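Quick notes on the structure that follows.
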Amino acid sequence: MADRRIKIFIYGSNIIMSVLFIIPLLWMVVSSLKPESQIFADLGSIKSLLPTNITFDNYIKAFDRIPMLKYLFNSLFYVAVIGISGLGVNSICGYALAKLNFKGKGVVLTAIIALMIVPFESIVMPLYLVVNSLSWVNTWLALIVPFIANCFSIFMFRQFFMDIPNELLESAAIDGSSPMKTFLKIVVPLSGPVFTTVFILDFISHWGDFMWPILVTTGESLRNVQLGIQTFFTLPPIFYGQIMATLTFTTLPIVVIFLLLQKYYVQGITSTGIKG
Amino acid sequence: MPNVSTQVHTGTKSNVTSIGLQKRRESITGYSFILPAVLLLMLFLLLPFLLAVVFGFTKFNLLRPDQIKFTGLDNYVLLFKDKLFYKSLYNTLYFTVVVVPVQSAVALMLALLVNNQLKLRNVFRIAYFSPVITSMTVIAILWISLYNPNEGLINSALNMLGIPKQPFLRSADQAMNSIIFMSVWQAAGYQMMIFLAGLQSIPKDLYEASAMDGANKFQQLKFITIPSLYNVIVFVLTITTIQAVKLFTQPYVMTNGGPENSTRTLALLIYQQGFQFRNAGYASAVSVIFFMIVVLISFFMKRFFRDR
Amino acid sequence: MKKRKRGLLAVTGVLTLSLLAGCSSGGQANDGSAGDKGQAVQKEVEISYWRPQASGPEDDFYVRRVDEFNKAYQGKIKLKMEPITRGNSFAYEDKINAAVASHTLPDVVSMDGPNVANYAASNIIIPLDEYYTKDDLNDFVPSIIQQGTYKGKFYAAGLAESSVVLFYNKKIMKQYGIEPPTNIKDAWTWDQWYDVMKKTAHNDVFGTNMINDKGEWMTYAFEQMWISAGTDIVNKEGTKAQGWVNSDKGLEAASFLQKLAKEKLFNIDPKPTEFEEGKAATKLGGPWNIPGFKNYPDLEWGITYFPRKADGIVTSPSGSWAIGVSTDSKHPKEAAEVVKWMTNKDSSAQLAKAISMPASRKSAYDSLPEYNELPLRVIKEQVTTVSHARPVTPAYPVLTQKFAEALTDIMMGADVKESLDNVASAYDDEYQRNFSN
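Protein chains in written order, with my numbering: chain R, 1263 to 1538; chain D, 9 to 316; chain X, 162 to 598.
The following block contains the structure:
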């Protein structure tokens, strides 16, 4: 009985809360399918969330203005490279900080947490000078390499790896497994949720890259989706329908990736299984 | 029950054989594991930051890089006389103190709501996460319209309850709280994801065993879930604090620091001075002080967590 | 200790290295491209050119004009244009900052009007006087010369002009029997405009719509009220704001705006389409709004002049993107050819046609007959006779930011004098500190 009540309570709260959270996304999608003049006329009433007079005009016009598919490919490419190489570099670092003993570990960890504090705005110019002196301006390297190592990801991996029972690692070591092998064969398979979360969070943060790509890229070939979207704001008249269409189109990949990765959220290991 | 909670975060040291050799081997492994990340961070984060520290001691107009001039502590003297700096510092701290506990609690609650086998769980998860991935442009349009002092939906609702219209974002007294409310809503999904990953990492059989012992859901939450999440909670509180002190986007798009600087934060101040006004030297000095203050806060936070 | 020293060494090392590398690579980039081609084909010089990316028709105009240039100068100059994303932020300016710091600016660079003085004062762009004849300069509308001139030298030429007018909803005017002036001499005074707002504002219709954004727009549009009142927000030389922005006449202008806000005659957070939907009787806006009006077939609109103070002059905002030659350019003569080409009569007329913005050259209006009739005649009159550019000062970024913040605060009820005093002291401090020498 109690369980049933709890289930109803959870369902009910979820439905109410979901509505409150998803309205903007919904509004964006619905608005992208409306004639320009209706978007703001409907704003403030329930009509703003109902797709009436559906038209794909905004999409057609938006795609006519900028090569959105190309920008989308560019973004997917470099953000995925950052995300995937980041998983490798940061997870192994986080693992060492969580489970291995070496001198200076505390200092490194403290430094990593401290460096998270630095706002990007305050280092962007010096970073530009560094990247420029490497002659990376206008190359993929400038968009990717500086962001592979990520304090946030390292710290998150470290916190999650802390919870892995030491017995598990030790028994592997006794069986003659090298540290790298232990990491790959035992730690990684146990850590689906954290790898997934780090990837998603890293992905969305770079999906929104705007200021940095402007500084280090000139011309169309390296342009990403955010630069594409900003094109629509450049000069009046600003057509919000086209903006909504572009935003919908560029938010979709994140939703897809998010849903695809859900299957890696598997309830974790069982503690009894560890020893056996 | 209590042994469950301790088991999670006290690791026993490995059994002791040929300690010296093993220790050295472990050190070498440790260094090689952190090497790639540390090298990259030194070049692309530490070095730029140190350059910014150097700039903090100079007069450096971005448009006149060739006229960069060492001015010692001038920027710092100026900064400590700048009323706007204190105002921004106060706003930043106020935001942080309110947002960190509230947002973390909301995030944990959301994570608990979707950490189950409900058929629609993926829909709920994407719903809670959606404000994080929805463009700030869209969110700003909607919230500015919701908060509209003349014709906003929130005011219409208040009106029905017989409460007079409120100016929200357009009053120095209410703007920061309005931003806080909207920020919690917007960013909680982010922390929810981290909590969710933590919840998914808790061994299932802990719950099964406790259920057999007759524990109800709330007892499970208190004695299993929260203690098992200790490391994750530390992580979430730390990063939420760090993100909160760096508050930039929400006030930038909603109020641009106004009215009467009531939503000006340190990150906004740094951006305005460094980029719009091109005073890179002064902006760097603000960054350095900002950094030192936050390090100090995290130092106290760390002590707080250790004491528990 | 050791570590620390090494760290410091590395920092200073990279600092100098990067600045040096910046210098040399910048030089090479400009030389290299030109040099290579120079040996292959006779002496073709390659000129690079940055401009902010715009909307469709404007982009088409640029592409076409650059093609035509390359045909006209074949074998002599090859123009390579890069559109840069600008967006609704300062992204384009940030990019210029970065390029300056690393000496990688292109030969020809576009800049928003108020930045000309800043770039000129920082020696980023060079004077163009020797490349233009007197007659040629005189053909520009006066505000273009004003915005492009710093300390007596002409640095940057505008491709188009802009203006702010008062749009009105014809149906609403008819309903209340209001006849907006069609002659510049009869332009509404602030009080007349106020009466119109009072009459027309009711229920969900506002008397006017005048907040495009709370940033640059605030300075661009409302500085004119200071000018009309007989003062300005800084002195003529641009060295002082004290006694100008917060002068008695200035306070009067700001108080007028506050009065409108207090009486809720305009919406502080309007939807972008408030006027188009018939929810505002009048609107301060510009020619850029006109293409959007056609999405609203129910809207009947007209144009009248930017309101003036009762005993003050008629004036209106102006300003536009301008182009100049960067100091880094190795080929200033060829780069100046590009500037002249992009701002000549043909370019000016073609751009005006493409984007419904007024032309920057008087002669261009010969081929734009639509500007002789109402409603566009109002725009032409303002642009060619009464417009004022924004203040020409290297500390403009601080001025506009602080002024816009203060005006926004004032509209939300902040103390008028205190807010404007803050602008004056912030500006004067900044000028003293960074530009007085």
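Glycine included, each C-beta is placed from N, C-alpha and C at the ideal position. Values in this document were obtained by computation on a predicted structure and should not be read as measured data.
Straight-line gap, residue i to residue j (C-alpha atoms, nearest Å)
| i | j | result |
| --- | --- | --- |
| isoleucine 451 of chain X | glutamate 438 of chain X | 14 Å |
| lysine 173 of chain D | leucine 418 of chain X | 21 Å |
| lysine 397 of chain X | proline 259 of chain D | 34 Å |
| alanine 565 of chain X | alanine 382 of chain X | 10 Å |
| leucine 1305 of chain R | threonine 545 of chain X | 40 Å |
| threonine 504 of chain X | proline 303 of chain X | 15 Å |
| aspartate 197 of chain X | tryptophan 1398 of chain R | Caution applies to aspartate 197 of chain X, whose pLDDT of 45 falls short of 50 and renders its modelled position unreliable; the model cannot decide the point. |
| alanine 317 of chain X | aspartate 300 of chain X | 15 Å |
| isoleucine 1426 of chain R | leucine 1371 of chain R | 18 Å |
| arginine 594 of chain X | proline 558 of chain X | 14 Å |
| alanine 196 of chain D | valine 140 of chain D | 8 Å |
| serine 179 of chain D | asparagine 130 of chain D | 39 Å |
| serine 295 of chain D | phenylalanine 1414 of chain R | 19 Å |
| methionine 1330 of chain R | glutamine 208 of chain D | 37 Å |
| aspartate 589 of chain X | glutamine 280 of chain D | 17 Å |
| phenylalanine 243 of chain D | serine 138 of chain D | 22 Å |
Environment of residue i [buried if 16+ CB atoms lie within 10 Å]
| i | result |
| --- | --- |
| glycine 1366 of chain R | exposed |
| lysine 1361 of chain R | buried |
| leucine 118 of chain D | buried |
| glutamate 591 of chain X | buried |
| tyrosine 337 of chain X | exposed |
| valine 105 of chain D | exposed |
| valine 303 of chain D | exposed |
| leucine 81 of chain D | exposed |
| histidine 363 of chain X | exposed |
Paired residues, beta bridge with residue i - DSSP
| i | result |
| --- | --- |
| isoleucine 286 of chain X | X:Ser487 |
| glycine 319 of chain X | X:Ala483 |
| lysine 232 of chain X | BP columns for lysine 232 of chain X are empty, so no partner. |
| lysine 241 of chain X | X:Ser209 |
| methionine 371 of chain X | In DSSP, methionine 371 of chain X forms no bridge with anything. |
| alanine 441 of chain X | X:Phe367 |
| tyrosine 599 of chain X | Because chain X is modelled from 162 through 598, residue 599 of chain X falls outside the range shown and cannot be assessed. |
| arginine 522 of chain X | X:Phe301 |
| phenylalanine 427 of chain X | X:Thr369 |
| tyrosine 39 of chain D | Its beta-bridge partners do not exist; DSSP assigns none. |
| phenylalanine 328 of chain X | X:Lys444, X:Ile464 |
| methionine 3 of chain D | Beyond the ends of chain D as shown, which are 9 and 316, falls residue 3 of chain D; an answer cannot be given. |
Reference residue i, options the options, closest by Cα
| i | options | result |
| --- | --- | --- |
| aspartate 489 of chain X | X:Tyr592, X:Asp393, X:Ala281, X:Gly453 | X:Ala281 |
| aspartate 576 of chain X | D:Glu159, D:Ile210, D:Pro267, D:Lys173 | D:Pro267 |
| phenylalanine 367 of chain X | X:Gly404, X:Phe436, X:Ser389, X:Gly411 | X:Phe436 |
| isoleucine 1375 of chain R | D:Asn163, D:Met190, D:Leu54, D:Tyr290 | D:Leu54 |
| tryptophan 349 of chain X | X:Tyr329, X:Lys335, X:His363, X:Ile333 | X:Tyr329 |
| leucine 1489 of chain R | X:Gly248, X:Lys501, X:Leu535, X:Gly236 | X:Gly248 |
| serine 487 of chain X | X:Glu219, X:Met272, X:Asp228 | X:Met272 |
| glycine 1470 of chain R | R:Ala1435, R:Val1407, R:Ser1347, R:Tyr1333 | R:Tyr1333 |
| leucine 48 of chain D | R:Leu1288, R:Ser1453, R:Pro1451, R:Ile1344 | R:Ile1344 |
| leucine 59 of chain D | D:Gly289, D:Ala183, D:Ile134 | D:Gly289 |
| threonine 1539 of chain R | R:Ala1324, R:Ser1415, R:Leu1396, R:Ala1411 | There is simply no residue 1539 of chain R to check, as chain R begins at 1263 and stops at 1538 in what is shown. |
| phenylalanine 307 of chain D | D:Val192, D:Ala217, D:Thr246 | D:Thr246 |
| lysine 95 of chain D | D:Leu161, D:Leu277, D:Ile27 | D:Leu277 |
Assigned secondary structure, residue i (DSSP; H/G/I helix, E/B strand, else coil)
| i | result |
| --- | --- |
| glycine 399 of chain X | coil |
| tyrosine 279 of chain D | helix |
| leucine 81 of chain D | coil |
| arginine 469 of chain X | strand |
| threonine 268 of chain D | First, the amino acid is wrong: residue 268 of chain D is glutamate here, not threonine. Residue state, collapsed to three classes: coil. |
| methionine 379 of chain X | helix |
| phenylalanine 256 of chain D | coil |
| serine 22 of chain D | With a pLDDT of only 48 at serine 22 of chain D, under the threshold of 50, the placement of this residue in the model should not be trusted; the figure read from the coordinates follows. Three-state DSSP puts serine 22 of chain D in coil, outside helix and strand. |
| aspartate 1319 of chain R | helix |
| tyrosine 293 of chain X | coil |
| valine 130 of chain D | At residue 130 of chain D the sequence reads asparagine, which differs from the valine that was named. DSSP places asparagine 130 of chain D in helix when its eight states are reduced to three. |
| histidine 1468 of chain R | helix |
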